[in-house]
Amino acid sequence: NQSETVTRALRKYLEDTEEYTLNEASNMIILRELQMRFEPMSAEMELLKTLIAIIS
């Protein structure tokens with residue numbers, strides 16, 4: 193299953209760095225992906241920037 197593979201890869205990476213929990217890393221990945229979908233100065237982008245700052 194692809195999601196299990198991604199989860200295992202993330203877990204391995206995170207165990208090496210221990211900078212983020214798996215959940216935090218998943219949130220960051222989702223927010224970064226969303227960032228690519230919005231215009232630079234849009235309200236959505238500003239909200240994403242705020243969320244990223246909060247969880248970073």
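Here the sequence shown is numbered in my numbering, starting from 193 and rising by one per residue.
Quick reminder that beta carbons are idealized off the backbone N, C-alpha and C, glycines included.
Rounded to the nearest whole angstrom, the C-alpha separation of N219 and T242 is 13 angstroms. Contact between I244 and L223 holds: CB atoms are separated by about 5 angstroms, below the 8 angstroms threshold. Annotation: the continuous alpha helix (DSSP H) that includes M237 extends over 235-247.
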